[in-house]
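Everything below concerns the one structure shown next.
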């Protein structure tokens, strides 16, 4: 009986250790594939990673709009599929970032993600996978409570997907970049009347005003891109955002908001230094 208990304890400790991320030292060779709610964040990573000291960060980004930016559509797009596979075939990709557009939209099911995971692991069995959770479409149409409720439902479904991938690939790390919550935080400030850093919820080219979003669909304006990039940086590289020397240009503590977003999501990376 004691031996059985010891085996159970050892198995548990092994699983906990396997779920921890080693502190990155120089930067990841990365691949990011996604849509227009995802790519602006990805494209900011080289500058942020290098500024934060991760000089070896390199990346390749593939873009398709809307639902076409989900894993299944990339797989079915012969041109993108061949190009992405060539990048993976190098065996050098250490971090692979993907996204979705929600349950019932696009092609972002477990099976669709699995296609790319299997292919990546074929060439680098130690690949780490970042699943980035965006905000929903037409965010300005929602009342705050309704938007928050929809986002909570979306995160629950996204976390379920990550759980399935973790169970299917226990030797690899799958984590969430919860940058979509940044839209919730900014929208909450807007509805509370305390978001003075921008002119309104949605940008107006005619009136030359700024917003959280650039259009009704919900594409990000600069403040949301800046916040999202900080969430990405803090999640991927465990950067202490409070001490990160970077001026985003807004009269709002975006670094503190980003740190809050990361801390509130249990599916972010868990570092050895957190023990």
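Numbering (our numbering), first residue to last: 499 to 773.
Beta carbons are placed, not taken as given, at the ideal position from N, Cα and C, and that holds for glycine.
Problem set entry | 6 Å CB neighbourhood of residue 570 in its chain, flanking five on each side removed | 605 and 610
For this session: Report the residue ranges of all alpha helix (DSSP H) runs contained in full by the segment 576 to 604; include only those spanning at least 4 residues, in chain order.
Result: 576 to 587
Problem set entry | Through-space distance from residue 750 to residue 683, alpha-carbon basis | 12 Å
For this session: In angstroms with no decimal places, state the Cα-to-Cα distance between residue 603 and residue 668.
Result: For residue 603 and residue 668, the gap between their C-alpha atoms comes out near 27 Å.
For this session: Look up residue 733 in the DSSP assignment and say whether it is helix, strand or coil.
Result: helix
Exercise. Enumerated in chain order, which unbroken segments of the alpha helix (DSSP H) with a length of 4 residues or greater are wholly contained in the segment 529 to 558?
Worked result: 537 to 541 and 543 to 549
Exercise. Where does residue 718 sit, in a helix, a strand or coil, going by DSSP?
Worked result: strand
Problem set entry | One or two residues paired with residue 709 in a DSSP bridge | Bridge partners of residue 709: 698.
Exercise. What number of angstroms, rounded off, separates the C-alpha of residue 739 from the C-alpha of residue 543?
Worked result: 14 Å
Exercise. Exposed or buried, which one is residue 528 when buried takes at least 16 other CB atoms within 10 Å?
Worked result: buried
Problem set entry | Top-ranked residue by Cα proximity to residue 560, from 536, 549, 551 and 554 | Its Cα nearest to that of residue 560, the residue 536 stands out among 536, 549, 551 and 554.
Exercise. Near residue 660, which residues of its chain fall below 7 Å by C-beta distance, leaving aside the five closest residues on each side in sequence?
Worked result: Cβ contact annotation for residue 660 (same chain, cutoff 7 Å, sequence separation greater than five): 629, 672, 674 and 765, in chain order.
For this session: On a CA-only basis, which of 614, 524 and 530 is nearest residue 557? Give me that one, please.
Result: 530
For this session: Use the C-beta contact count for residue 707: other C-beta atoms within 10 angstroms, 16 or more gives buried, fewer gives exposed.
Result: Residue 707 is exposed by the Cβ-count criterion.
Problem set entry | Distance CB(residue 730)-CB(residue 681) smaller than 7 Å | no
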